[in-house]
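Novice: Numbering (our numbering), first residue to last: 265 to 394.
The beta-carbon is built from N, C-alpha and C at its ideal position, and this holds for glycine as well.
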């Protein structure tokens with residue numbers, strides 16, 4: 265078992281829904297990093313494998329969006345994922361490591377915001393500690 269897989273498995277165990285989302289963001293970043301390396305090495309098979317997996321991860325993230333009840337936040341998240349998917353396809357077509365790296369930075373920024381939400385105590389838990 266790779267170190268990354270062990271980390272992912274331990275992160276999933278007992279994770280909150282937001283924590284699971286953070287894990288998927290981590291997975292997406294890993295896929296993009298490995299695809300960027302494959303582009304640099306001109307390894308078409310590895311690039312395709314990593315970007316195909318990234319597309320599956322994006323699909324999972326998109327499937328969690330409740331557009332009917334989620335309001336503007338859900339719409340913004342759907343647009344964010346669509347933008348990431350579009351840039352991923354552009355990077356694949358252009359064989360652009362730079363485009364993937366730019367998306368990694370964007371994903372990490374959004375991931376950070378989700379992680380902060382996941383570590384903030386909920387108002388209910390604060391009521392019980394008072």
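1) Out of 349, 321 and 303, which has the shortest C-alpha to C-alpha gap to residue 402?
2) Using C-beta distances below 7 Å, list every residue in its chain close to residue 338, excluding the 5 sequence neighbours before and after it, in chain order.
3) Can you round the beta-carbon distance between residue 318 and residue 292 to whole angstroms, since I take them to be within the 8 Å contact cut?
4) Whole angstroms is fine: what's the gap from residue 389's alpha carbon to residue 360's?
5) Can you list, in chain order, the stretches of the alpha helix (DSSP H) that have 4 or more residues and sit fully within the segment 301 to 354?
6) On the three-state DSSP scale, how would you describe residue 376?
7) Are there 16 or more other CB atoms within 10 angstroms of the CB of residue 350, so buried, or fewer, so exposed?
8) Go ahead and label residue 348 buried or exposed: buried means 16 or more other beta carbons lie within 10 angstroms of its beta carbon, across all protein chains shown.
9) What's the gap between the Cα of residue 346 and the Cα of residue 371?
Specialist: In short, the structure shows the following:
1) Only positions 265 to 394 of the chain appear in this structure, which leaves residue 402 out of reach.
2) The residue you call residue 338 lines up with position 74 of the chain shown. Excluding sequence neighbours, residue 338 sits near 329, 330 and 331.
3) Taking the chain shown and counting its residues from 1, one reaches residue 318 at position 54. Taking the chain shown and counting its residues from 1, one reaches residue 292 at position 28. Confirmed, about 6 Å.
4) Taking the chain shown and counting its residues from 1, the one referred to as residue 389 is at position 125. Taking the chain shown and counting its residues from 1, the one referred to as residue 360 is at position 96. Reliability of the predicted coordinates at residue 389 is poor, the pLDDT of 45 falling under 50, and the value obtained from them is presented with this limitation in mind. Using only the alpha carbons, I get a separation of about 46 Å.
5) 308 to 327
6) Counting from one through the chain shown, the residue named residue 376 turns up at place 112. Residue 376 falls in the helix class under three-state DSSP.
7) By 1-based counting over the chain shown, the position of residue 350 is 86. Exposed is the call here.
8) Sequence index remark: in the chain shown, residue 348 carries index 84 (1-based). Classification for residue 348: buried.
9) Taking the chain shown and counting its residues from 1, the one referred to as residue 346 is at position 82. Taking the chain shown and counting its residues from 1, the one referred to as residue 371 is at position 107. Approximately 12 Å, taken between the alpha carbons.
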